[in-house]
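Q: Each position in the sequence shown, counted from 1, maps to that position plus 2 in our numbering.
Glycine included, C-beta positions come from ideal geometry on N, C-alpha and C.
Input: one structure, supplied below.
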Amino acid sequence: MSTSQFFGLNIGYTGLQAANAALNVTGNNISNVETKGYTRQEAIQAAADALRTNTSYGMAGAGVDTKSIDQIRNAYYDLKYWQNNASKGIYDIKQQYYRQIEDYFTDTDDVQGFNVVYSDMFDALDEVYKSAGDDTKKAAFLSRCKALTEYFNNMHTSLQRLQTDANNEIMNKVNEINSIASELATLNKQINTIEVNHVRANELRDKRNLLIDQLSEIVDVKVTEVPIYTTEGGSEESGIYRYIVDIAGGQNLVNSYEYSTVECVARSGDEKVNQSDADGLYDIYLGGLPLNLYGGSLGGQLKGLIEVRDGNNGENFSAKGAYINTTPSSVTVKIDKSNPNHDFLTDMNKVTMNGSGTIVVGNVRLVYESWVYDADKEEYTFSLAPGTPEKPNDASGLSGKDAFVGVSIDYQGIPYYMAQMNEWVRSFSQAMNKIEKTAQDSNGKLAEAMFTSGSDERKFDDYNYETGYDGSTHLVNTLNNNYLQLTAGNFNINSDMLKDVNLLGTTVDITQGQDAQDITLELMKVRTDKSKMTYRGCSSEEFLQCLTSDVALGASSANNFYSNFDKISKSIVAQRTSVSGVDNDEEALNLVKFQEAYNLSSKMIQIMTEIYDRLILQTGV
3 MSTSQFFGLN IGYTGLQAAN AALNVTGNNI SNVETKGYTR QEAIQAAADA LRTNTSYGMA
63 GAGVDTKSID QIRNAYYDLK YWQNNASKGI YDIKQQYYRQ IEDYFTDTDD VQGFNVVYSD
123 MFDALDEVYK SAGDDTKKAA FLSRCKALTE YFNNMHTSLQ RLQTDANNEI MNKVNEINSI
183 ASELATLNKQ INTIEVNHVR ANELRDKRNL LIDQLSEIVD VKVTEVPIYT TEGGSEESGI
243 YRYIVDIAGG QNLVNSYEYS TVECVARSGD EKVNQSDADG LYDIYLGGLP LNLYGGSLGG
303 QLKGLIEVRD GNNGENFSAK GAYINTTPSS VTVKIDKSNP NHDFLTDMNK VTMNGSGTIV
363 VGNVRLVYES WVYDADKEEY TFSLAPGTPE KPNDASGLSG KDAFVGVSID YQGIPYYMAQ
423 MNEWVRSFSQ AMNKIEKTAQ DSNGKLAEAM FTSGSDERKF DDYNYETGYD GSTHLVNTLN
483 NNYLQLTAGN FNINSDMLKD VNLLGTTVDI TQGQDAQDIT LELMKVRTDK SKMTYRGCSS
543 EEFLQCLTSD VALGASSANN FYSNFDKISK SIVAQRTSVS GVDNDEEALN LVKFQEAYNL
603 SSKMIQIMTE IYDRLILQTG V
């Protein structure tokens with residue numbers, strides 16, 4: 003076919019359209035230079051389909067077409083940003099909480115902590131040593147003892163409150179995930195509704211990508227976008243996509259227009275893991291199934307919160323070869339020397355396991371009401387609750403299986419610091435009470451324990467956890483009166499002594515006189531003599547140094563890792579921005595370039611108009 007006489011005019015018109023579209027896109031870019039999440043756009047142009055002319059030159063170009071307006075975005079930088087964001091989120095949380103933990107363990111002239119309180123107590127004891135018969139000195143000493151117990155009570159309350167804060171923040175993050183998931187599902191539908199017509203919903207895609215950026219800081223995220231074809235097995239794309247978002251190492255959160263709800267479920271009393279844990283800690287469920295909180299793939303702020311809230315430095319009840327007893331219903335587990343937690347599990351001052359809870363044997367969860375530790379056999383026996391297991395057949399085949407309570411989390415979180423305080427309190431109380439209970443009070447009676455738990459409901463028996471020290475069998479029962487019941491939270495001074503200082507014994511033989519102070523001298527040795535008390539290989543007064551070194555290391559690690567990931571993030575953002583961001587200078591050049599293109603197309607139309615004027619009006623055609 004031959005071309006129309008107005009063919010050239012149409013070519014100029016396509017140039018005007020293309021230049022105008024490019025100018026509009028440039029203007030849109032400039033307008034959104036400060037818009038968060040905006041991706042630079044570009045008008046994609048291509049030569050229009052040529053026409054056959056049936057002439058010697060064959061084909062004639064028909065101008066230009068604007069095929070689409072596309073985003074300039076590199077998926078590789080998105081992936082790297084999301085991966086780094088998940089790591090950065092972990093340490094963002096950790097450094098925030100470690101700042102607070104550091105504040106709690108502060109001991110300065112302005113903020114008096116353990117060292118001051120402990121020194122004051124032994125200074126007061128030294129005054130008793132000098133004047134053992136002076137009731138005023140005894141009262142001052144017992145008052146300082148009370149101050150020590152209150153220090154640990156307050157520390158326990160502060161750390162437990164911090165654990166509750168982390169738990170509440172987990173709930174907030176879960177709510178954020180649900181909100182983002184809901185928005186993503188809605189955006190997916192809106193985007194496909196538009197793009198089914200083979201046009202790009204760029205602004206909606208920006209919103210969606212920005213949501214993924216936010217989600218990647220909370221939890222590890224993986225995004226997959228799969229085209230949907232017009233026919234099964236065909237090659238023609240329909241223009242719509244299946245957009246899939248997985249979190250925590252492959253757990254599906256969003257699948258096109260549908261999303262799974264993430265839920266927080268508070269642990270019941272029989273699910274409490276650590277003795278000093280706050281009540282109502284949350285487990286997380288995704289789509290009705292438990293989410294693995296302790297796997298390496300969780301990532302983001304959620305992982306940081308979980309490790310801060312539950313981190314036990316890898317110290318939990320874990321052993322091989324459980325034996326199931328049917329009458330009475332119980333589980334017996336021996337702690338072998340090969341167990342990496344052997345020293346932790348065989349020292350009752352260090353044990354953090356709750357008196358009742360859930361033990362998992364094999365893959366069966368069993369609720370226990372109490373447990374007994376046989377120090378000679380190094381063996382635990384858990385008494386199961388009635389109706390446990392729910393299905394009697396579940397017990398068959400469990401003997402010899404691995405057993406564990408809680409999960410090993412290789413991080414020094416809040417449970418670790420509470421366990422350290424519990425260990426010191428138990429060791430200290432045991433050492434002081436062991437000495438004091440050999441003394442006689444002013445009435446000639448054997449003195450009582452100086453340090454107790456709670457409101458004196460437990461003054462402790464004579465068992466002191468020295469395994470087999472007299473060759474007899476020693477059983478520690480969580481239902482009995484023993485130091486296992488003592489924690490930093492209920493650490494207390496014998497209230498009877500506070501009321502009557504004559505109950506404080508200073509000598510093994512009161513007939514030596516009121517000023518006899520042999521017991522007082524022994525009590526004073528607990529401060530520095532490792533044969534009286536040891537804590538992590540150190541003396542009792544080095545408690546704070548041990549813990550502050552842990553805190554300093556944890557804080558330094560969190561700060562360093564956060565700083566490193568933050569620098570990487572800034573580098574990735576710079577690379578990402580170099581591709582997707584709006585550059586004012588570049589857009590200014592584009593304005594000039596497309597203005598020139600528009601002017602040239604206008605010039606062509608003007609010339610063609612003059613040609614048509616001559617052809618039509620002046621030649622009389």
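Give the single residue among ILE495, ASN483, GLY389 and ASN562 whose Cα lies nearest to the Cα of GLU438.
A: Residue 438 sits at position 436 when you count from the first residue of the sequence shown. Taking only the C-alpha atoms, the option nearest GLU438 is ILE495.
Q: Evaluate LYS38 with the Cβ neighbour count: other Cβ atoms within 10 Å of its Cβ, from every protein chain shown; 16 or more gives buried, anything less gives exposed.
A: Walking along the sequence shown from the start, residue 38 turns up at place 36. Under this definition LYS38 is an exposed residue.
Q: Give the DSSP-derived three-state secondary structure of LEU206 in the structure shown.
A: If you number the sequence shown from 1, residue 206 lands on position 204. DSSP places LEU206 in helix when its eight states are reduced to three.
Q: Can you grab the Cα-Cα spacing for the pair GLY91 / ALA49, in whole Å?
A: For the purposes of this step, residue 91 is identified with residue 89 of the sequence shown, where counting begins at 1. For the purposes of this step, residue 49 is identified with residue 47 of the sequence shown, where counting begins at 1. C-alpha separation (whole angstroms): 48 Å.
Q: Excluding the 5 residues preceding and the 5 following GLN2 in the sequence, name in chain order all residues of the same chain whose CB lies nearer than 6 Å to its CB.
A: Any answer about residue 2 is impossible in this case: the structure gives the chain only from 3 up to 623.
Q: Taking only the alpha-carbon atoms, compute the straight-line gap between SER33 and LEU593 and give it to the nearest angstrom.
A: As a first step, residue 33 is located in the sequence shown; it is residue number 31 there, counting from the start. As a first step, residue 593 is located in the sequence shown; it is residue number 591 there, counting from the start. Answer to the nearest angstrom: the Cα atoms are 13 Å apart.
Q: With burial defined as no fewer than 16 other Cβ atoms inside 10 Å of the residue's Cβ, what is the status of LEU347: buried or exposed?
A: In the sequence shown, counting from the first residue as 1, residue 347 sits at position 345. Looking at its Cβ environment, which holds 16 or more other Cβ atoms inside 10 Å, LEU347 is buried.
Q: Which residue marks the beginning of the alpha helix (DSSP H) containing LEU164, and which one marks its end?
A: As a working mapping, residue 164 is identified with position 162 in the sequence shown. That run of the alpha helix (DSSP H) goes 137-197.
Q: From the DSSP output, in three-state form, read off GLN519 for me.
A: Position 517 of the sequence shown, counted from the start, is the residue given in the question as residue 519. In the structure shown, GLN519 sits in coil (DSSP, three-state: anything other than H, G, I, E or B).
Q: On the DSSP bridge assignment, give the partners of PHE406 in chain order.
A: For this step, residue 406 is matched to residue 404 along the sequence shown. Answer is SER320 and VAL362, bridged to PHE406.
Q: Report the CB separation of ASP208 from THR41 in whole angstroms; it is logged as a contact under 8 Å.
A: Translated into the one-based positions of the sequence shown, residue 208 becomes position 206. Translated into the one-based positions of the sequence shown, residue 41 becomes position 39. About 5 Å; that satisfies the 8 Å criterion.
Q: Where does the unbroken beta strand (DSSP E) through PRO229 begin, and where does it stop?
A: In the sequence shown, the residue the question calls residue 229 occupies position 227. Looking at the DSSP string, the run of the beta strand (DSSP E) that includes PRO229 is 223-231.
Q: Leaving out the 5 sequence neighbours to the left and right, which residues in its chain are closer than 7 Å to ASP312 when beta-carbon positions are compared?
A: Position 310 of the sequence shown, counted from the start, is the residue given in the question as residue 312. Within the same chain, ASP312 has close Cβ partners ILE411, GLY415 and PRO417.
Q: Could you give the C-beta distance for LEU291 and ILE172, rounded to a whole number, given that I count them as a contact under 8 Å?
A: One-based indexing of the sequence shown puts residue 291 at position 289. One-based indexing of the sequence shown puts residue 172 at position 170. Not quite, the Cβ-Cβ distance comes to about 18 Å (not below 8 Å), so this is no contact.
Q: Could you pull out every residue in the same chain whose Cβ sits closer than 7 Å to the Cβ of ASP568, ignoring the five residues on either side in sequence?
A: As a first step, residue 568 must be located in the sequence shown, where it is residue number 566. Once the five neighbours on either side are set aside, the close Cβ partners of ASP568 are LYS90.
Q: What residues in its chain sit with their C-beta under 7 Å from that of GLU468, if we drop five residues either side in the sequence?
A: Locating residue 468 in the sequence shown gives position 466, where the first residue counts as 1. Its pLDDT being 42, under 50, GLU468 is placed unreliably in this model, and the value from its coordinates should be taken loosely. Closer than 7 Å at Cβ, skipping near neighbours: no residue.
Q: Enumerate in chain order the residues of its own chain whose CB-to-CB distance from LYS339 is below 6 Å, with the five nearest sequence positions on each side excluded.
A: On the sequence shown, residue 339 is found 337 positions in, with the first residue counted as 1. Around LYS339: no qualifying Cβ.
Q: If you reduce the DSSP assignment to three classes, tell me which class ILE495 lands in.
A: For this step, residue 495 is matched to residue 493 along the sequence shown. Strand at ILE495.
Q: Please identify the residue among PRO342, LYS322, ASN327 and ILE326 whose C-alpha is closest to the C-alpha of LYS336.
A: Position 334 of the sequence shown, counted from the start, is the residue given in the question as residue 336. When each option's Cα is compared against that of LYS336, the closest is LYS322.
Q: Leaving out the 5 sequence neighbours to the left and right, which residues in its chain are closer than 7 Å to TYR471 when beta-carbon positions are compared?
A: To locate residue 471, count along the sequence shown from 1; it is residue 469. The predicted position of TYR471 is uncertain, since its pLDDT is 36 and thus under 50; no value can be drawn from it.
Q: Can the beta-carbon of LEU144 be found less than 8 Å from the beta-carbon of VAL427?
A: The sequence position of residue 144 within the sequence shown is 142, counting from 1. The sequence position of residue 427 within the sequence shown is 425, counting from 1. It is not a contact, given that the beta carbons lie outside the stated cut-off.
Q: So, is VAL35 buried or exposed, given that buried needs 16 or more other C-beta atoms within 10 angstroms?
A: Against the sequence shown, residue 35 aligns to sequence position 33. Exposed, because fewer than 16 other Cβ atoms sit within 10 Å of the Cβ of VAL35.
Q: Enumerate in chain order the residues of its own chain whose CB-to-CB distance from GLN516 is below 6 Å, with the five nearest sequence positions on each side excluded.
A: Indexing the sequence shown from 1 puts residue 516 at position 514. So the qualifying residues of the chain are GLY135.
Q: Could you give the residue range of the beta strand (DSSP E) that holds TYR284?
A: Translated into the one-based positions of the sequence shown, residue 284 becomes position 282. Unbroken beta strand (DSSP E) run through TYR284: 284-288.
Q: Quick one: Cα of GLN253 to Cα of LEU288, how far?
A: Position 251 of the sequence shown holds residue 253. Position 286 of the sequence shown holds residue 288. Rounded to whole angstroms, GLN253 to LEU288 spans 8 Å at the Cα level.
Q: Exposed or buried, what is TYR93 when buried is set at 16 or more other beta-carbons lying within 10 Å of its beta-carbon?
A: Here the question's residue 93 lines up with position 91 in the sequence shown. Label assigned to TYR93: buried.
Q: Would you report the Cα separation of MET526 and VAL333, rounded to the nearest angstrom?
A: Within the sequence shown, the letter at position 524 stands for residue 526. Within the sequence shown, the letter at position 331 stands for residue 333. The alpha-carbon atoms of MET526 and VAL333 are separated by roughly 43 Å.
Q: Would you mind working out which of SER580, ASN276, ARG578 and ILE521 sits nearest TYR131, comparing C-alpha positions?
A: In the sequence shown, residue 131 corresponds to position 129, counting from 1. Cα-wise, what sits closest to TYR131 is ILE521.
Q: Using alpha carbons as the reference points, say which of ASN586, MET610 and LEU295 lies closest to ASN30.
A: Indexing the sequence shown from 1 puts residue 30 at position 28. Out of ASN586, MET610 and LEU295, ASN586 has the C-alpha closest to the C-alpha of ASN30.
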